[in-house]
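Visitor:
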Amino acid sequence: MIDLLKDIENRFQTTDSVQQKDRQAFTTVDKGRAIAMVTWLKENAGFTSLTLLTAVDWIEDGVFQLTYILNNPTNGFELGIRVMIDRDGATMESAHHLWKNMQTYQRELKEMFGIDFPGCPRVDEDFILEGWDDMPPYRRDFDTKDYSTDTYFPRPGRGSNDPAEYMKKKMYPND
Amino acid sequence: MDYTLTKFLWTLLGLFIVLNWGMLMSSTMRRIGARVAGRYGIPWYQPWIDLTKLYSMRSQLTHGTMFYIGPVFRLMGGVGMFLFMPMIFGSDLWSNYSFSGDLVLILYFQFFGMLGMALGASEGGQPYSAIGISRGLSQFTTVEVPMTLAVISIAIQYHTLSFTDIVAAQQGGFMHWTVMTNPFATAAAMLSLLGAFGHSPFNLVKAPNEIPIGPPTEYHGTFLGVLRTNGAILHVAEAAMFMNLFFGGAGSWFELIIKTFLIYFWSVFVGTVFPRFRIEQSVVWFLKWPTILGIIAIIIYM
Amino acid sequence: MEKDFDKKALTDMYKDKFLAPENEKRQVTAPDGSIIEIDPLDDYFCQERPKELKPRKGAVEKFLNWARAESLWVLGFGTGCGSIEIPPLVTPRFDMFRYGVQMRPTPRQSNVFIISGYLSVKTLKRAIRSYEQMPSPKYIMGLGSCTINGGMYWDSYNTINRLDHYLPVDVYVAGCMPRPEALLAGFAKLKELIKEGKGEKANEYARNFDWYKANQKKIIKDWNMPDFNW
Numbered sequence: 001m002i003d004l005l006k007d008i009e010n011r012f013q014t015t016d017s018v019q020q021k022d023r024q025a026f027t028t029v030d031k032g033r034a035i036a037m038v039t040w041l042k043e044n045a046g047f048t049s050l051t052l053l054t055a056v057d058w059i060e061d062g063v064f065q066l067t068y069i070l071n072n073p074t075n076g077f078e079l080g081i082r083v084m085i086d087r088d089g090a091t092m093e094s095a096h097h098l099w100k101n102m103q104t105y106q107r108e109l110k111e112m113f114g115i116d117f118p119g120c121p122r123v124d125e126d127f128i129l130e131g132w133d134d135m136p137p138y139r140r141d142f143d144t145k146d147y148s149t150d151t152y153f154p155r156p157g158r159g160s161n162d163p164a165e166y167m168k169k170k171m172y173p174n175d
Numbered sequence: 176m177d178y179t180l181t182k183f184l185w186t187l188l189g190l191f192i193v194l195n196w197g198m199l200m201s202s203t204m205r206r207i208g209a210r211v212a213g214r215y216g217i218p219w220y221q222p223w224i225d226l227t228k229l230y231s232m233r234s235q236l237t238h239g240t241m242f243y244i245g246p247v248f249r250l251m252g253g254v255g256m257f258l259f260m261p262m263i264f265g266s267d268l269w270s271n272y273s274f275s276g277d278l279v280l281i282l283y284f285q286f287f288g289m290l291g292m293a294l295g296a297s298e299g300g301q302p303y304s305a306i307g308i309s310r311g312l313s314q315f316t317t318v319e320v321p322m323t324l325a326v327i328s329i330a331i332q333y334h335t336l337s338f339t340d341i342v343a344a345q346q347g348g349f350m351h352w353t354v355m356t357n358p359f360a361t362a363a364a365m366l367s368l369l370g371a372f373g374h375s376p377f378n379l380v381k382a383p384n385e386i387p388i389g390p391p392t393e394y395h396g397t398f399l400g401v402l403r404t405n406g407a408i409l410h411v412a413e414a415a416m417f418m419n420l421f422f423g424g425a426g427s428w429f430e431l432i433i434k435t436f437l438i439y440f441w442s443v444f445v446g447t448v449f450p451r452f453r454i455e456q457s458v459v460w461f462l463k464w465p466t467i468l469g470i471i472a473i474i475i476y477m
Numbered sequence: 478m479e480k481d482f483d484k485k486a487l488t489d490m491y492k493d494k495f496l497a498p499e500n501e502k503r504q505v506t507a508p509d510g511s512i513i514e515i516d517p518l519d520d521y522f523c524q525e526r527p528k529e530l531k532p533r534k535g536a537v538e539k540f541l542n543w544a545r546a547e548s549l550w551v552l553g554f555g556t557g558c559g560s561i562e563i564p565p566l567v568t569p570r571f572d573m574f575r576y577g578v579q580m581r582p583t584p585r586q587s588n589v590f591i592i593s594g595y596l597s598v599k600t601l602k603r604a605i606r607s608y609e610q611m612p613s614p615k616y617i618m619g620l621g622s623c624t625i626n627g628g629m630y631w632d633s634y635n636t637i638n639r640l641d642h643y644l645p646v647d648v649y650v651a652g653c654m655p656r657p658e659a660l661l662a663g664f665a666k667l668k669e670l671i672k673e674g675k676g677e678k679a680n681e682y683a684r685n686f687d688w689y690k691a692n693q694k695k696i697i698k699d700w701n702m703p704d705f706n707w
């Protein structure tokens, strides 16, 4: 796996490569070179299977991190590719021409994070939420608890207990 | 009392007995099927409670006149089949309104109910009802083929089209029954009986998890109550028809109850452990061996 | 309720925004060649509000309630994760057929709607449509803590917290998820309620129809179906 990481570091100027397990590694690449690298990995290095495309919200740094996880079925290698994109006006080149199921992942990211993938078919359709008009809900500045308290009537008198404290009081009431 | 009035009242009493016996028989069969599966099953009085609940629904909706008439046609099919068939041989009062050509009329009534249901259910506007109707009618048409061949063979054998005469010709002991004198016709008819009673493996049309239950999808409340009432009457009437044609008729109500139970049990016995056939499979099945047996039965008596 | 219900205003507000194309007013060619104008929301769907249907009096109603309680037909619509506890009821160990409870596939023929587990906004829209298609008298059983106070998903942006503000509930069964024995106990309690004559929540839905509809429309923002769904 180290050879592969060195190879792509030379080709695509990747940074922060780390091998986490025997067959699992992560690496970071620029936004402009990301799709080219993914295409090269699919065609030339045998990573023909897409496992996941997801995003992480680094609100302190002001970036979204898109993570493409690719899998090589012949030798079981798994490579995660981190791409950092801007948080305001987040867009990314669409990769739906490589794998058909990329459309669904990109649709989900558009609805939940607000990351646009121009050119991807059906990217504007509703994924899970119907008629949603608020901020994309997976962003960290969306307060889901406040939204739920305002929109859905919470039942008063709902309380929470710490399980350890509760059981201690119940079983040893005299302490 | 006037003879016409007496006969009418006895016929109504016969209808009442048949209705209750049909409901008891259906719950017993469901309990038997449940015992095969290791459960207890529904209580024996459940069909009565279901009917009470259905007739007491407070709100109902209708899709037009044909929607109303559909279940009525179906009930007419069942009641008509009962009305023109002699139940107890040797008793004039329990012979309902049978006459000398009633064999053909009974066959007509058997199919008539299904057609009326089809018209009513398609008025409901449910697309699933339409699919269910096309399946049900195509299956029932092929079920009728070996049945009609067997009936024609019997008509040729006994030179008559009247139920009472056919039953009279079978009296005199076990060896005179049609099952002994004309086994091919009996075999063809008993195989087509599996399709007529609508149990596994031919219950694709009415099974609850097949395109939500086919033709009765949109029917609810009183409509469904009428359909279920008809179901009870029709099953007993069909079993009684088989009893009269092939198994020597009944001399008393007790004999009728035993024989119809055993005939109905034949279809449950076959079906409890079989999965369902698809419609194209069942259509092909009915047109193979049962039809061949029916044709052999006609050729023998030609 | 006898006061005027401002149906037109409420429907118009949502009609412009989210009307499905097949429900719009348009002109079509009839089979005989003439051009006619159709308005599906007026022509094809019922325009009457749900009515309160009073029970009969005395011993007759007691007998009918007994029959309704002994023959509960459940709609086979598993709305959430709790519906995994319903198939065990059909197995020999918990056999629910002994108690007269049967599953039916269509809302037209069922009496009980079991809302099992959390109810997301998307499912609520379909559940409303199914519930309003059931004939009266009808009962709802809320399964799990999510229907009572939001349960595990109380702070989610997509699930409701209190079911009885959107649909009238007869009996709640607490748990996450309640075991099949708890479900059977819930059925027993529902039977007790029906036999006492307290299973009239469908009438309560008809009485407070505006309030329920306003709550529903507050969270279902793409209301592209008629107001009254039967």
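Those sequence lines, one after another, are chains X, U and B.
Residue numbering for the first sequence is 1 to 175, as defined by the working numbering.
Residue numbering for the second sequence is 176 to 477, as defined by the working numbering.
Residue numbering for the third sequence is 478 to 707, as defined by the working numbering.
Using N, Cα and C, we set each Cβ at its ideal position, and we do this for glycine too.
For Asn635 (chain B), I'd like the list of residues in its chain whose CB is within less than 7 Å of its CB, leaving aside the five on either flank, ordered along the chain.
Guide: Ser597 and Val598, listed in sequence order.
Visitor: Could you list which residues in chain U have their beta carbon closer than 8 Å to that of Arg545 (chain B), in chain order?
Guide: Within chain U, the residues near Arg545 (chain B) are Lys228 and Ser231.
Visitor: Per the DSSP calculation, Leu670 (chain B) is bridged to which residue(s)?
Guide: DSSP, once it has assigned bridges, lists no residue as partnering Leu670 (chain B).
Visitor: Taking 6 Å as the limit between beta carbons, can you name the residues of its chain near Gly423 (chain U), skipping five residues before and five after?
Guide: Taken in chain order, the residues that qualify are Gln345 and Trp352.
Visitor: Chain B partners of Val427 (chain U), CB-CB under 8 Å?
Guide: Correcting the residue type first, residue 427 (chain U) is Ser in the shown sequence and not Val. Residues of chain B passing the Cβ test: none, with the nearest at roughly 34 Å.
Visitor: In the region 319–372 of chain U, which residue ranges form an unbroken alpha helix (DSSP H) of at least 4 residues, counting only runs that do not cross its ends?
Guide: Within the region 319–372 of chain U, the complete alpha helix (DSSP H) runs of at least 4 residues are 338–344, 353–356 and 358–372.
Visitor: Quick one: does Met478 (chain B) have its CB under 8 Å from some CB of chain U?
Guide: Interpretation of Met478 (chain B) is limited by its pLDDT of 34, a score under 50 that renders its predicted location unreliable; the figure taken from the coordinates is listed afterwards. Not one chain U Cβ lies under 8 Å of Met478 (chain B).
Visitor: Spatial neighbours of Thr144 (chain X) within its chain, please: C-beta separation below 7 Å, excluding the five flanking residues on both sides.
Guide: Excluding residues within five positions, the ones whose Cβ falls inside 7 Å are Pro137.
Visitor: Just the chain X side, please: which residues come within less than 7 Å of Asp632 (chain B) by C-beta, in chain order?
Guide: By Cβ distance, chain X contributes Thr144, Lys145 and Ser148.
Visitor: For a test of the three-state rule: what should DSSP assign to Val29 (chain X), helix, strand or coil?
Guide: Here Val29 (chain X) sits in strand by DSSP.
Visitor: In the DSSP assignment, what residue or residues form a beta bridge with Thr74 (chain X)?
Guide: For Thr74 (chain X), which the question treats as bridged, DSSP gives no partner whatsoever.
Visitor: State the CB to CB distance for the pair Phe571 (chain B) and Pro657 (chain B), rounded to an integer number of angstroms; the pair is presumed to be in contact (CB under 8 Å).
Guide: That pair is a contact at about 5 Å.
Visitor: Using a Cβ-Cβ distance cut-off of 8 Å, determine whether Thr392 (chain U) contacts chain B.
Guide: Cβ-Cβ to chain B under 8 Å: yes for Thr392 (chain U).
Visitor: How about Pro218 (chain U) and Phe338 (chain U): do their beta carbons lie closer than 8 Å?
Guide: No, the pair does not count as a contact, with Cβ atoms beyond the cut-off.
Visitor: Quick check: the Cα distance between Tyr491 (chain B) and Pro645 (chain B), rounded to an integer number of angstroms?
Guide: In this prediction, Tyr491 (chain B) has a pLDDT of 48, which is less than 50 and means its spatial position is unreliable; what the coordinates show is noted afterwards. Roughly 24 Å separates the two Cα atoms.
Visitor: Assign Ser148 (chain X) to buried or exposed, taking buried as 16 or more other Cβ atoms, counted over all protein chains shown, within 10 Å of its Cβ.
Guide: Buried, because 16 or more other Cβ atoms sit within 10 Å of the Cβ of Ser148 (chain X).
Visitor: Compute the Euclidean distance between the alpha carbons of Glu673 (chain B) and Phe540 (chain B), then round it to the nearest angstrom.
Guide: Looking at the two C-alpha atoms, the distance is approximately 11 Å.
Visitor: Using a 10 Å radius around the Cβ and a threshold of 16 neighbouring Cβ atoms, would you call Lys480 (chain B) buried or exposed?
Guide: Caution applies to Lys480 (chain B), whose pLDDT of 40 falls short of 50 and renders its modelled position unreliable; the model cannot decide the point.
Visitor: Tell me which same chain residues have a C-beta within less than 6 Å of the C-beta of Ala55 (chain X), skipping the five on either side of it?
Guide: Here the set comprises Phe64, Leu66, Leu109 and Phe113.
Visitor: Taking a contact to mean a Cβ-Cβ separation below 8 Å, would you say Asn271 (chain U) touches Gly406 (chain U) in this structure?
Guide: No, these two residues do not count as a Cβ contact at 8 Å.
Visitor: Considering Cα atoms alone, identify which of U:Thr203, U:Ile329, U:Ile432 and U:Ser275 is closest to Tyr220 (chain U).
Guide: Tyr220 (chain U) has its Cα closest to that of U:Thr203, out of U:Thr203, U:Ile329, U:Ile432 and U:Ser275.
Visitor: Which of the three DSSP states, helix, strand or coil, is assigned to Met477 (chain U)?
Guide: Coil at Met477 (chain U), not helix or strand.
Visitor: What whole-angstrom Cβ distance do Thr323 (chain U) and Val458 (chain U) have, given they're in contact under 8 Å?
Guide: So it is not a contact: roughly 16 Å between Cβ atoms.
Visitor: For Tyr511 (chain B), is the classification buried or exposed, using 16 other Cβ atoms within 10 angstroms of its Cβ as the cut-off for buried?
Guide: It should be noted that the sequence gives Ser, not Tyr, for residue 511 (chain B). Flag for Ser511 (chain B) reads exposed.
Visitor: What does Ser234 (chain U) touch in chain B if you count any residue whose Cβ is under 7 Å from its own?
Guide: Going along chain B in sequence order, the residues near Ser234 (chain U) (Cβ under 7 Å) are Leu530, Pro612 and Ser613.
Visitor: How close, in whole Å, do the beta carbons of Ile341 (chain U) and Ile329 (chain U) come, if the pair is a contact with beta carbons under 8 Å?
Guide: Sure, about 7 Å apart at Cβ, within 8 Å.
Visitor: Under the assumption that Leu552 (chain B) contacts Ser587 (chain B) (Cβ atoms under 8 Å), give the Cβ distance between them as a whole number of angstroms.
Guide: 4 Å between Cβ atoms; contact.
Visitor: Roughly how many whole angstroms lie between the Cα atoms of Gly255 (chain U) and Val589 (chain B)?
Guide: Each residue's alpha carbon lies about 36 Å from the other.
Visitor: According to the Cβ coordinates, are Met289 (chain U) and Phe259 (chain U) closer than 8 Å?
Guide: No, Cβ-Cβ distance for Met289 (chain U) and Phe259 (chain U) is not below 8 Å.
Visitor: Taking Tyr689 (chain B) as part of the alpha helix (DSSP H), name the residues at either end of that continuous run.
Guide: That run of the alpha helix (DSSP H) goes Phe686 to Ile696.
Visitor: When you compare the CB of Gly627 (chain B) with every CB in chain X, is at least one pair closer than 8 Å?
Guide: True, the Cβ-Cβ gap to chain X drops below 8 Å.
Visitor: Please report the Cβ distance between Val211 (chain U) and Thr447 (chain U), rounded to the nearest whole angstrom; I am assuming they are in contact, meaning their Cβ atoms lie under 8 Å.
Guide: Between Thr447 (chain U) and Val211 (chain U) the Cβ distance is about 5 Å, and since that is below 8 Å, they are a contact.
Visitor: Taking the beta strand (DSSP E) that Gln586 (chain B) falls in, what are its first and last residues?
Guide: Where Gln586 (chain B) is concerned, there is no enclosing beta strand (DSSP E), given that its DSSP letter is neither H nor E.
Visitor: Less than 8 Å between the beta carbons of Ile85 (chain X) and Val38 (chain X), yes or no?
Guide: Cβ atoms of Ile85 (chain X) and Val38 (chain X): not closer than 8 Å.
Visitor: Residues in its own chain within less than 7 Å of Arg122 (chain X) by CB, not counting five upstream and five downstream?
Guide: Taken in chain order, the residues that qualify are Gln103 and Arg107.
Visitor: If distances are taken between C-alpha atoms only, which option among B:Ile563, B:Arg575, B:Trp550 and B:Asp647 comes closest to Glu669 (chain B)?
Guide: Closest option to Glu669 (chain B), Cα to Cα, is B:Asp647.
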